[in-house]
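Beneath this line is the structure, given in structure tokens, with notes to follow.
Residue numbers (my numbering), protein chains in the order written: chain A, 2 to 116; chain B, 1237 to 1350.
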């Protein structure tokens, strides 16, 4: 079956530090990959996506590159802000055991940015 | 543009009481619809998804059920709530078909069982 593994949090950084949140996946076929962000008390918002190998998704200063050879989709940002504090979820779109297409999520990584 | 609405935002219910959470989507037709549960500090667990009216697939055995009486309406129900049903429930929609379609989430319902 499909699975997504994220680094455990919380990740605590100072403002303007470099961020990396690791994500690796297992899937059959060629999944699409996504990063979602969840701010406290809210639902999930799509942050970025990549649909094929070597694609780079980017949004709001965040980037992630679809690496088929390492089955990874690590999230990076060059300079984090306090407002980036949230939980980040890596996800893939693939075929479930039921034969239907659905998203499989990682367990989430909490990012805390200190001023 | 498309929007998704969930209500209520918060709910406190006693053990053994019934449950009905509602989700509606506007601005699109024939969407895939999903219910997820997020336990405190945990990831998302897919509970149900639907590809059309009356078509519901359950991903995990549980105390809950789902229905889709109209194209853009998705309801999560229970006849008798358990303590373990507490959590943050999220509804989501996506376009049918292509694998690169993301899911779009509502703001969630925080359910506390006493």
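Beta carbons are placed, not taken as given, at the ideal position from N, Cα and C, and that holds for glycine.
Closer than 8 Å by C-beta to residue 30(A): which residues in its own chain qualify, once you throw out the five before and the five after it? Chain order, please.
In its chain, beyond the 5 residues on either side, 95, 96 have a beta carbon closer than 8 Å to the beta carbon of residue 30(A).
Does residue 2(A) get closer than 7 Å to chain B when you measure Cβ to Cβ?
no
Could you have a look at residue 124(A) and say whether DSSP puts it in helix, strand or coil?
For residue 124(A) there is no data in the structure shown, the boundaries of chain A being 2 and 116.
Taking C-beta to C-beta, are residue 1328(B) and residue 1310(B) nearer than 7 Å?
no
Under 6 Å: does the beta carbon of residue 1347(B) sit that close to some heavy atom of the ligand ATP?
The ligand ATP is not among the ligands present in this structure, which contains no ligands whatsoever.
Residue span of the beta strand (DSSP E) that contains residue 77(A), given as start and end:
76-78
Per DSSP, residue 38(A) forms a beta bridge with which residues?
46(A), 89(A)
For residue 50(A), count neighbouring C-beta atoms within 10 Å of its own C-beta (all shown protein chains included) and say buried if the count is 16 or more, exposed if not.
buried
Could you check which residue in 33(A), 22(A), 15(A), 102(A) has the C-alpha nearest to that of residue 9(A)?
Of 33(A), 22(A), 15(A), 102(A), the residue nearest in Cα terms is 22(A).
Euclidean distance between Cα positions of residue 87(A) and residue 1293(B)
Taking C-alpha positions only, residue 87(A) is separated from residue 1293(B) by approximately 31 Å.
Examine chain A for any beta-carbon lying closer than 7 Å to the beta-carbon of residue 1341(B), and answer yes or no.
Among the residues facing chain A, residue 1341(B) is included, as its CB has a counterpart in that chain under 7 Å away.
What's the gap between the Cα of residue 62(A) and the Cα of residue 81(A)?
9 Å
Whole angstroms is fine: what's the gap from residue 1240(B)'s alpha carbon to residue 1274(B)'s?
18 Å
Under 7 Å between the Cβ atoms of residue 44(A) and residue 1300(B)?
no
I'd like the list of long-range same chain contacts for residue 12(A), defined as Cβ closer than 8 Å, with 5 residues on each side in sequence excluded.
20, 22, 110, 111, 112, 113
Taking residue 1305(B) as the reference, give the member of 1296(B), 1290(B), 1242(B), 1319(B) with the closest Cα.
1290(B)
Keeping to the same chain, check which residues put their C-beta closer than 8 Å to that of residue 1254(B); ignore five residues upstream and five downstream.
Excluding residues within five positions, the ones whose Cβ falls inside 8 Å are 1313, 1314, 1315, 1316, 1317.
Measuring only the C-alpha atoms, how far is residue 46(A) from residue 1272(B)?
14 Å
Out of 69(A), 60(A), 70(A), which has the shortest C-alpha to C-alpha gap to residue 76(A)?
60(A)
In whole angstroms, give me the CA-to-CA distance for residue 34(A) and residue 52(A).
6 Å
Classify residue 81(A) as helix, strand or coil using the three-state DSSP reduction.
coil
Give a yes or no on whether 7 Å exceeds the smallest Cβ distance from residue 1280(B) to chain A.
Residue 1280(B) counts as touching chain A.
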